[in-house]
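Chemist: In our numbering, the protein residues as written are 879 to 1173. Beta carbons: idealized from backbone N, C-alpha and C, even for Gly.
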Amino acid sequence: MNKKQSKTSVSLVLGSGGARGLSHIGIIKWLVENDYEIKSISGCSVGALIGGIYAAGKLPEFEKWIREIDKVEIFSLLDLAWKANGLVQGDKIINTLVKLIGDQQIEDLPLSFTAVAADIENEKEVWINSGSLFAAIRASISLPLFFTPVHRKGVLLIDGGVLNPVPIAPTFSDHNQLTIAVNLGGAVTKRKPVIELKTQVKADSGIHNKIKSFINSFNVKESITTSQDWGAYDIANQAFDAMQSTIARQKLAAYPADVVIEIPRNACGTLEFERGDEMIQLGYESARQCFKELA
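Next comes the structure, spelled out in structure tokens:
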């Protein structure tokens, strides 16, 4: 019996939502394991980050690193700028990821990729589908008040989620069998999802030590702030999440995808990237459950 089956071609739309976006990793893993071939990715903010890393063929390396990172290391990556237009410069995060993954030109990627940012002055989306992959990602992740904006071709760019947290439009010209959208602004659950995790021993790996050493090589004085110091930004982020959730519902109603996978917007905090294990498994289980219900 011929076990070879044709794969279902997919346009994948990855939404914005901070650390909840680590669930994109689990969703991608489930799709690949179940014979869905991702041929196009459109993403904004963390969706552009995870989608771009997958398109570059480096998702396993990133997943290994993010599963091992802790809260102290996350804060050590924040090169505080204390500027009027943003708290964090963002160069340290991008340089660390380039060291881990390597930069590529978007045109050279094996699949179609678009990072979506927002031109706030002219109130329009900017689709970045050429040039440096990580320059595009940096523009797309420019969360207002948190990251400083990016100047690109004479335009000031911020997080694409401000205008379109689930950017389906860049996939309209695709000729794939399915458009799958991931909305990280799903309905709030009465209590945060509890994911049963397998016990893992997180011994320092070679790649973890390599990146740790690279982070420490920056001649930047680190400042670990208290939770109270971040209180104002937490409130701003909650307001931003609520805004994005509303916009996402409107966009998905106007331009429905074939499949929508929803992650509750209270699944984890914007900066809780140390919860990688939990979020990755949440994404995997959410994809499995969504397709089970469709079937």
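Let's see if you can read the secondary structure: which residues bound the alpha helix (DSSP H) around I1019?
Modeler: Taken as a continuous stretch (DSSP letters only), I1019 belongs to no alpha helix (DSSP H), as it is neither H nor E.
Chemist: Decide if G1063 is buried, meaning its Cβ has at least 16 other Cβ atoms within 10 Å, or exposed.
Modeler: Buried: at least 16 other Cβ atoms inside 10 Å.
Chemist: Where does T1026 sit, in a helix, a strand or coil, going by DSSP?
Modeler: Looking at T1026 - three-state DSSP - the assignment turns out to be coil, as it is neither helix nor strand.
Chemist: Expressed to the nearest angstrom, what Euclidean distance is found between the alpha-carbon atoms of G1032 and E1171?
Modeler: Using only the alpha carbons, I get a separation of about 47 Å.
Chemist: Please list the terminal residues of the continuous alpha helix (DSSP H) segment that includes A1145.
Modeler: Where A1145 is concerned, there is no enclosing alpha helix (DSSP H), given that its DSSP letter is neither H nor E.
Chemist: Is the region 913 to 921 close to the region 890 to 905, with three or more CB pairs under 8 Å?
Modeler: Verdict: yes, contact present.
Chemist: With distance defined between alpha-carbon atoms, name the residue in L900, Q1055, L987 nearest to D1155.
Modeler: Comparing Cα positions, the closest option is L900.
Chemist: Strictly by DSSP, which residues pair up with Y914?
Modeler: Bridge partners of Y914: T886.
Chemist: Tell me whether T1077 is buried or exposed, calling it buried when 16 or more other Cβ atoms sit within 10 Å of its Cβ.
Modeler: Residue placement at T1077 is poorly supported in this model, since its pLDDT is 38, which falls under 50; the coordinates still yield a value, given next. Exposed, because fewer than 16 other Cβ atoms sit within 10 Å of the Cβ of T1077.
Chemist: Indicate the three-state DSSP secondary structure (helix, strand or coil) for D1136 in the structure shown.
Modeler: Coil, per DSSP.
Chemist: Within 10 angstroms of its Cβ, does D1119 collect 16 or more other Cβ (buried), or is it exposed?
Modeler: Buried, since its Cβ has 16 or more Cβ neighbours within 10 Å.
Chemist: Which runs of the beta strand (DSSP E) fall wholly inside the region 964 to 994 and span at least 3 residues, in chain order?
Modeler: Segments of the beta strand (DSSP E) lying fully in the region 964 to 994: 964 to 966.
Chemist: Between S887, I906, T886, K885, which has its C-alpha nearest L1160's C-alpha?
Modeler: Of S887, I906, T886, K885, the residue nearest in Cα terms is I906.
Chemist: How big is the Cα-Cα spacing for P1071 and E1001?
Modeler: Residue placement at P1071 is poorly supported in this model, since its pLDDT is 49, which falls under 50; the coordinates still yield a value, given next. P1071 and E1001: Cα-Cα distance of roughly 35 Å.
Chemist: Can you give the Cα-Cα distance for L958 and V966, rounded to whole angstroms?
Modeler: Approximately 5 Å between the Cα atoms of the pair.
Chemist: Hey, I979 and K936 are a contact pair by Cβ (cut 8 Å); roughly how many whole angstroms apart?
Modeler: The pair is a contact, with the Cβ atoms about 4 Å apart (cut-off 8 Å).
Chemist: Who are the near neighbours of W908 in its chain, counting only those whose CB is closer than 7 Å to its CB and skipping five residues on each side?
Modeler: Same-chain partners within the cutoff: Y1162, A1165, R1166.
Chemist: Near V994, which residues of its chain fall below 8 Å by C-beta distance, leaving aside the five closest residues on each side in sequence?
Modeler: Taken in chain order, the residues that qualify are S920, G921, C922, A926, E1003, V1004, W1005, I1006, S1018, G1038, N1042, P1045, P1048.
Chemist: Alpha helix (DSSP H) containing L950: first to last residue?
Modeler: Contrary to the premise, residue 950 reads as Val rather than Leu in this sequence. 949 to 954 is the span of the alpha helix (DSSP H), which, as asked, contains V950.
Chemist: Rounded to a whole number of angstroms, what is the C-alpha to C-alpha distance between T1067 and R1030?
Modeler: Cα to Cα, T1067 sits roughly 38 Å from R1030.
Chemist: Going by DSSP, what residue range makes up the beta strand (DSSP E) through G893?
Modeler: G893 -> no beta strand (DSSP E), and no H or E assigned at all.
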